[in-house]
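Comments concern the structure below.
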Amino acid sequence: LRFSKCHALSQRLPQYPLPTHEVVSKGSIPTEFEEIYVSHGKKGSSLLEKALLLKDAISDLPLVPNDEDQDERSYGGPPQSVFQKFIRLKREDIISFSASAEAAAGPSLYDHRPLQMNEDDYQRACRIPKQKGANFRNLPGLQVNAQNKVELDPTVEREYLPSKKPLVPDYAIKFVRGSSTKPFGRIWWDETVSTVTTRAEPHVQAILHPEQDRVLTIRENARLQGFPDCYKLHGPVKERYIQVGNAVAVPVALALGYSYGKAVQGLVDDQPLMNLPMKFPQCLARKQD
5 LRFSKCHALS QRLPQYPLPT HEVVSKGSIP TEFEEIYVSH GKKGSSLLEK
55 ALLLKDAISD LPLVPNDEDQ DERSYGGPPQ SVFQKFIRLK REDIISFSAS
105 AEAAAGPSLY DHRPLQMNED DYQRACRIPK QKGANFRNLP GLQVNAQNKV
155 ELDPTVEREY LPSKKPLVPD YAIKFVRGSS TKPFGRIWWD ETVSTVTTRA
205 EPHVQAILHP EQDRVLTIRE NARLQGFPDC YKLHGPVKER YIQVGNAVAV
255 PVALALGYSY GKAVQGLVDD QPLMNLPMKF PQCLARKQD
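If you number the sequence shown the way the working numbering does, the last residue is 293 and the count never jumps.
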């Protein structure tokens, strides 16, 4: 993301906002990006909030089945984390709001429905253990070789579904040349979700709910992108997943907008980076009487 360079010579460019939360590192930084990697460094790391985990984001949402078709429902219970109080706020309270229990008591929950898996995929999902790290490799008839690649176990008869298709599909075994653990993977409560995609099929990604036999709902994906619950999405179910997956994460947009606003008001110095206020964006809360 780049700020526009259309500015007067006398004006300073917006500063790039530094991270506000810890990051659970996955993989490494490509060499070509090392010079533009933005972080607090070791000295500033103590200022970061703890990483937001899946439990922080979605643990308050009601149970729904694979074939859920309601677009609107009640929450059925109170928020269970500061993030959930924030994300439930009414539209008029998003900026200058406070995450009080009273303000968080929204009337309706929108888009809490999953992409309905077909019968074959649903039966596969039901066989995935409800435990951390579970995926298609937990299904019977497979073995993992010395190179950590999965393959059919020749000593076990291959199991088939009522549709006559194999319980373990060939595409899952062959994905990333047998080295992937993502097909039909369950994400877990103590994990972060680094990427929200535009598709909800569990064929080549870990998107199964930790404790329910379904994929994450539209609303659960929206929360992972930082969309407040007051955002009501429209269109067919698949298109709503696409809208969420293609969007810039709302907290990122807020941070960039905050920095741009400071620059427009002439409230920035000549440093390239800026520290966002503590508890951002909750610090923008509307004060409640």
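C-beta: ideal position from N, C-alpha, C; glycine also.
Please read all numbers here as calculations on a predicted model, not as lab measurements.
Close Cβ partners of residue i (< 6 Å) along its chain, the five nearest in sequence each way excluded
i, result
"Ala210", "Lys186, Gly189, Ile191"
"Ser85", "Asp60"
"Pro173", "none"
"Tyr264", "Pro18"
"Ala226", "Val248"
"Ala108", "For Ala108, the predicted model reports a pLDDT of 43, less than 50, meaning its position is unreliable; a value from the coordinates is still stated below. Cβ within range, chain order: Pro83, Lys89, Arg92."
"Lys136", "Trp192"
"Ala138", "Ile132, Arg190"
"Glu72", "Arg117"
DSSP-derived helix/strand/coil call for residue i
i, result
"Pro187", "coil"
"Glu96", "helix"
"Tyr164", "strand"
"Tyr20", "strand"
"Pro255", "helix"
"Leu56", "coil"
"Arg77", "strand"
"Leu237", "coil"
"Glu155", "strand"
"Leu280", "coil"
"Leu147", "Position check: residue 147 holds Gln in this sequence, whereas Leu was assumed. Note: Gln147 maps to strand in three-state DSSP."
"Val219", "strand"
"Ile132", "coil"
"Ala204", "coil"
"Leu260", "helix"
"Leu113", "strand"
"Ala210", "strand"
Same chain only: Cβ atoms within 8 Å of residue i, ignoring 5 sequence neighbours per side
i, result
"Glu26", "Ser49, Leu52, Glu53, Lys54, Ala55"
"Asp75", "Tyr114, Asp115, Arg117"
"Arg181", "Lys153"
"Leu237", "Tyr114, Asp115, Ile222, Ala226, Arg244, Gln247, Val248"
"Leu57", "Trp193, Asp194, Glu195, Thr196"
"Phe87", "Leu56, Asp60, Ala61"
For residue j and residue i, believed in contact at Cβ under 8 Å, the rounded distance
i, j, result
"Leu156", "Leu171", "Wrong, their Cβ atoms sit about 11 Å apart, outside the cutoff."
"Pro69", "Arg218", "7 Å"
"Met278", "Pro83", "Not a contact, Cβ separation roughly 30 Å."
"Lys134", "Pro214", "7 Å"
"Ala267", "Arg16", "6 Å"
Exposed unless 16 or more other CB atoms sit within 10 angstroms - verdict on residue i
i, result
"Pro3", "With the chain covering only 5 through 293, there is no way to say anything about residue 3."
"Tyr175", "exposed"
"Gly18", "A small correction: the amino acid at residue 18 is Pro; Gly does not occupy that position in the sequence shown. Pro18 should be labelled buried."
"Gln275", "exposed"
"Thr221", "buried"
"Ser78", "exposed"
"Val248", "buried"
"Ser112", "exposed"
"Met282", "exposed"
"Leu67", "exposed"
"Asp125", "buried"
"Cys287", "exposed"
"Ser184", "buried"
Own chain residues within Cβ distance below 7 Å of residue i, not counting five before or after
i, result
"Ile98", "Pro232"
"Gly81", "Asp64"
"Cys130", "Asp217"
"Asn149", "Glu155"
"Leu228", "Ala61, Val197, Val200"
"Asn142", "Ile132, Pro133"
"Thr202", "Tyr245, Ile246, Gly249, Asn250"
"Arg162", "Gly145, Leu156, Pro170"
"Val160", "Pro144, Gly145"
"Thr24", "Leu52, Glu53, Leu280, Phe284"
"Val208", "Phe179, Lys186, Pro187"
>> Check whether the segment 165 to 176 and the segment 252 to 260 touch, using three or more Cβ-Cβ pairs below 8 Å as the test.
In response: no
>> Quick test of the definition: if touching needs 3 or more C-beta pairs under 8 Å, does the segment 110 to 124 touch the segment 194 to 201?
In response: no
>> Under 8 Å, with one C-beta from each stretch per pair, do the segment 259 to 271 and the segment 240 to 250 reach the 3-pair mark?
In response: no
> Between the segment 84 to 98 and the segment 225 to 238, are three or more C-beta pairs nearer than 8 Å?
Replying inline: yes
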